[in-house]
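Sequences listed follow chains A and B, in order. Sequential numbering from 30 applies to the first sequence in our numbering. Sequential numbering from -18 applies to the second sequence in our numbering. We put the beta carbon where it would ideally sit given N, CA and C, even for glycine.
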Amino acid sequence: MSVVHERTAPRPLIRPPRRTPGPARRATMSGVWPYLLVAPAVLGMLYLLVYPLARAVLISFQDFGLRQLILGDAHFVGFDNYRTLLTDPRFWTVVRRTFLFMAVNVALIMVLSTLVALMIERLGRRWRTAVLSSLVLTWAMPVVAATTVFQWLFHSEFGIVNHVLTGLGFTSFEGYPWLAHGGAAFGILVTLVVWQSVPFAAITLYSALTTVPSELYEAARLDGASGFRVFRSVTLPIVRPIFMLVLSLEVIWTFRAFVQIWVMTRGGPGDATTILPVYAVQTALAQQRYDLGSAASMVTVVLMSGILIVYFRQMFRQEGEL
Amino acid sequence: MSTRRAVRRLPLHLAAALTIVICLFPVYWMITTSFKPNRDIQSEHPQLLPQTWTLDHFKRAIDAEGFGLFWRNSVLVTLGAVLLALIVALGASFAVARMRWRGRRQFMLMVFVAQMAPWESLIIPVYIISRDTDMLDRLPTLTLVYFMMTLPFTIVVLRGFIATIPAELEESAQVDGCTRFGAFRHVAFPLLTPGLMATSLFGYITAWNEFAYANFLIIKQQDHRTLPVWLSSFHNTFGTDWGATMAASTLFALPALAVFLLLQRHVTSGFAAGAVKG
């Protein structure tokens, strides 16, 4: 399946299927059976994914407000919604903010998780178990629970963060209302998303690191390579595919921050934490402009699919089979 | 370990300790806050360790209106989605791993794409479709959505598991007079149990934690809300009672944390791999 599986000691739970020419060389029971077996899955995907997507495309080309929702007499307006959207300066601010949010998050996640992964690799057994356990615990923390806890940590009056900052001499943080300031709210959300995302990335990168054969390190050391040189010429080339995979996943998963943002700030204060999915839902469900909201969603999907293509190319190159 | 070696490795161990503290502190703070009496929570000098322990907050969280109901809703929706996904995925992954048919590659491609479905961008159409088909405010709608969220992953992982079970085992059962599906049921299926456990665990976590759809598809029927939505609106339930809020968060997070810790080794190896797949 991928390099990550080829861990050393404990066999991973999910093993890669051996590539055999075709799923089975022997006479297979073909005919209608395989189609009957995949039919529920295909129907599910058609009705619950393809149809909603098609419906969203349709609505984005219609005049669709509260009236049309109730009476169902929507008519086509061509590219009007997209024109309205793309000429709205607020929309472009949201797009810019989405990319900023993405860039900051992904950069922090990748740097921190690479460092953590390299650190875990150098640790002894006991320390390694401790770090891995705490990473898993962080990873398992449900999003809404984590968001609630962060609201409490950054509470203006009784929050521990303000208490510590004040204690360290930053008296301006006494009773500082984090979520009332755009930049601060943005920062808290980035912290939250990074805190929740690093464990997965770090563990995956660490698994990739363990696949580097130790003979290569020995050979490099015998040849007199420095630590940095070993990292650049031995570790990096082997880990790069997984690194790219994690990178593109994290980029795509930026949009999942919708939940944290909606629970914590609803995109506020003002517009300070509104990224594209939040903007789309606000437009559709709060202002009842389902057409504009769908158009914004479609722009999001187009932006995402560019990244998705990179991801899939990487994955299939990894996989070598489908 | 010599002292020199210990000193040399000190920065490394400091970094490890820092990582552990950053990872665990929010979780720790959530749990300890929920055990502290109110006067300690709202004190000028927060204590790192609770001085007196109390269960009052948990009592208030559990007694809060609807808690039992939302808990039940969450469990129902989660179990329904996971079971449905397992059954459908079992058939599909058997077909993919064991049979040769036209469209197999295309089907798997579809599954991989579905795994990356932009769910955040589908809220609006799913809302409108549910409204048109009279499925708004109903738990089965959520079950269906969660089923679709977990299905692709389940298929991918189960396919991998089935492929690792030697087909020869089933063949010999067939030689002994089993039908093809009888052979699968009696020979391969028992071997699949760990795979079924792992995938249902993932589905369970996904469905248990899902917020966006639960929030936007259940609007008028407040009785059909699920735990994440309830927790997100704790301000309405508990006001500024942070002790009860943290107790509620703890109660909500505990099942997920416990399951992950129990299956830690599998999580770090297998799940990382499975999730990288998409």
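- According to the DSSP assignment, Y205 of chain A belongs to no alpha helix (DSSP H), since it is labelled neither H nor E.
- Contacts with chain B (Cβ-Cβ distance below 7 Å) from the stretch 137 to 163 of chain A involve V145, M148, R151, L152, W156, A159, V160, L161, S162, S163, listed in chain order.
- Residue-level contact by beta carbon fails for P31 of chain B and chain A, as no gap is shorter than 8 Å.
- With respect to the 8 Å criterion, G176 of chain B and F142 of chain B are classified as neighbours on the basis of their beta carbons.
- Counting along the chain, T0 of chain B sits inside the alpha helix (DSSP H) bounded by residues -9 to 16.
- Shown here for A95 of chain B: same chain residues with a beta carbon closer than 6 Å to its own, the five before and five after excluded, namely P133 in chain order.
- Here L100 of chain A is exposed, its C-beta having fewer than 16 other C-beta atoms within 10 Å.
- The C-alpha of A315 of chain A is placed about 29 Å away from the C-alpha of L57 of chain B.
- Here the C-alpha atom of V193 of chain A lies approximately 15 Å from the C-alpha atom of Q23 of chain B.
- Identification of chain A residues near T131 of chain B by a Cβ-Cβ cut-off of 9 Å yields none; the smallest Cβ-Cβ distance measures about 11 Å.
- Rounded to whole angstroms, the separation of the alpha carbons of A42 of chain B and G84 of chain B is 52 Å.
- In the structure shown, the three-state DSSP call for F183 of chain A is coil.
- Under the 8 Å criterion on CB atoms, M74 of chain A is classed as interfacial with respect to chain B.
- If you check each beta-carbon in the stretch 226 to 242 of chain B against every beta-carbon of chain A, the ones closer than 7 Å belong to T226, M227, S230, F233, A234, A237, L238, F241, L242.
- Residue environment for A193 of chain B: buried (at least 16 other C-beta atoms within 10 angstroms of its C-beta).
- Of all residues in the stretch -17 to 7 of chain B, those with a C-beta nearer than 9 Å to a C-beta of chain A are R(-10), L(-7), H(-6), A(-4), A(-3), A(-2), T0, I1, V2, I3, C4, L5, F6, P7, reading in chain order.
- 8 Å or more divides the Cβ of W156 of chain A from the Cβ of F183 of chain A.
- Sequence-ordered contacts of the stretch 246 to 271 of chain A with chain B read I271 [C-beta pairs closer than 9 Å].
- With respect to the C-alpha of T167 of chain A, the residue from B:L242, B:L(-9), B:T(-16) having the closest C-alpha is B:L242.
- Sequence-distant Cβ neighbours of V133 of chain A in its own chain, meaning closer than 7 Å and more than five residues away, are V219.
- Scanning chain A for C-beta atoms nearer than 7 Å to the C-beta of A188 of chain B yields nothing, as the closest lies near 11 Å away.
- In the three-state reduction of the DSSP assignment, Q316 of chain A falls in the coil class.
- At a cut-off of 8 Å between beta-carbon atoms, M116 of chain B makes no contact with chain A.
- The beta carbons of S326 of chain A and I3 of chain B sit no closer together than 8 Å.
- With 16 or more neighbouring CB atoms inside 10 Å of its own CB, S74 of chain B falls in the buried class.
- Across the stretch 318 to 332 of chain A, CB contacts with chain B closer than 7 Å involve Y319, G322, S323, S326, T329, V330, in sequence order along the chain.
- Taking a 10 Å sphere around the C-beta of P81 of chain A, we find 16 or more other C-beta atoms and assign the residue as buried.
- By the rule that beta-carbons nearer than 8 Å mark a contact, R119 of chain B does not touch chain A.
- For T283 of chain A, the number of other beta carbons within 10 angstroms of its own is at least 16, and it is reported as buried.
- Of the residues assessed, K40 of chain B falls on the exposed side of the cut-off, its CB having fewer than 16 other CB atoms within 10 angstroms.
- Within 10 angstroms of the beta-carbon of E46 of chain B lie fewer than 16 other beta-carbons, which makes it exposed.
- Secondary structure of F48 of chain B (DSSP, three-state): helix.
- For F187 of chain A, a Cβ of chain B is located within less than 8 Å of the residue's own Cβ.
- Counting C-beta pairs with one atom in each stretch, the stretch 252 to 266 of chain A and the stretch 277 to 297 of chain A have fewer than three that are closer than 8 Å, which means they do not touch.
- For the stretch 286 to 298 of chain A, the set of positions with a beta-carbon nearer than 8 Å to some beta-carbon of chain B reads F287, V288, W291, V292 in chain order.
- The contact set of R112 of chain B on chain A, defined by CB atoms closer than 8 Å, consists of L98 in chain order.
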